[in-house]
DNA sequence: CCGCCGCCCTGCTTGC
DNA sequence: TGCAAGCAGGGCGGCG
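Residue numbers (the working numbering): 724 to 993.
This is the structure in structure tokens:
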């Protein structure tokens, strides 16, 4: 499932391929995927627009258009954004195709149809509820302490809450907590000061390393070229039920926390 | 404000 | 072997 490192990798690839191109037309094959304001036709509205930028915010890929509008794309679990030439084979479940100048096509596919491409106006604050970018200078120790302090919520649930930190999903929450040697169920407000610092650094470190490895491909994720990442080979605990902890050798367990599968080491995560 | 729950959806895994 | 139930999960709306 695409989290921050996967979306970052996709966006960097897309930026290289489609910035400066004009949208000559748009095919919306499944209407509920392409969302616009009630009176606005998504395809008609973006036709003729030039793509002036592609960026990431949290787990969203944002296409910035010359008019000031943006297409905010959420991939959820199985969404994919791939650029291909017209005529090249499509991925299954291709619901939206943007025709760019020349033969380039930007395809959005999603077998589970949870993902969305949403057209937002230039002054629409679509990300008002989204939290801090963990790889930005705003993710300071003080900011992180402010999020944790006084809360009883399990720290893993807090890491998954996009209103606090934007971009962490289940894989990197599990990996960062393992890295910081913190039990996922620990009440957020009960972390010691050193544990808080370890966790903040672990988040930054794990996300950065995953970007270097071009993301984690377990089931569906591919980049803008349709290629897999390689961070799945560097996972310590995610999906590793019964395998030895890379740090202490104890068996990795799977529990359920905040309705999510949670992998961790009972011996060295406290 | 906060936290919890159900829903959306389909492919894969599990169990009989 | 075949089939159906169960499971997976990010974001969102509803509820207490």
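Cβ coordinates follow ideal geometry from the N, Cα and C atoms, glycine included.
Asked: Assumed close pair residue 800, residue 835 - CB separation to whole angstroms, cut-off 8 Å; Found: 6 Å
Asked: Per-residue burial, residue 946 [other beta carbons within 10 Å of its own, 16 or more giving buried]; Found: buried
Asked: Minimum length 3: unbroken beta strand (DSSP E) runs contained in the region 876-931; Found: none
Asked: Counterpart residues of residue 840 in DSSP-defined beta bridges; Found: 757, 796
Asked: For residue 736 and residue 948, the rounded distance between their alpha carbons; Found: 7 Å
Asked: Three or more C-beta pairs below 8 Å linking the region 733-750 and the region 903-915; Found: no
Asked: Among 985, 777, 789, nearest to residue 896 - alpha-carbon criterion; Found: 985
Asked: Alpha-carbon spacing of residue 988 relative to residue 859, whole angstroms; Found: 29 Å
Asked: Reference residue 870; option with closest CA among 919, 844, 967, 892; Found: 919
Asked: Under 8 Å between C-beta atoms of residue 792 and residue 727; Found: no
Asked: CB of residue 926 within 8 Å of CB of residue 823, strictly; Found: no
Asked: With 16 other Cβ atoms within 10 Å as the buried cut-off, status of residue 979; Found: exposed
Asked: Rounded C-alpha distance that separates residue 963 from residue 766; Found: 43 Å
Asked: Reduced DSSP secondary structure (H/G/I, E/B, other) of residue 862; Found: coil
Asked: Touch test, the region 814-834 against the region 753-772, Cβ-Cβ under 8 Å, three pairs minimum; Found: yes
Asked: DSSP-derived helix/strand/coil call for residue 787; Found: strand
Asked: N-terminal and C-terminal residue of the alpha helix (DSSP H) that residue 973 is part of; Found: First-last for residue 973: undefined, no H or E at that position.
Asked: Local Cβ density within 10 Å of residue 966, reported as buried at 16 or more and exposed below that; Found: exposed
Asked: As assigned by DSSP and simplified to three states, the class of residue 945; Found: coil
Asked: Residue range of the beta strand (DSSP E) that includes residue 829; Found: 827-833
Asked: CB contact flag (residue 881, residue 874, <8 Å); Found: yes
Asked: Residue 950 to residue 943 span [Cα, whole Å]; Found: 11 Å
Asked: Member of 888, 876, 780 whose CA lies at the smallest distance from the CA of residue 863; Found: 888
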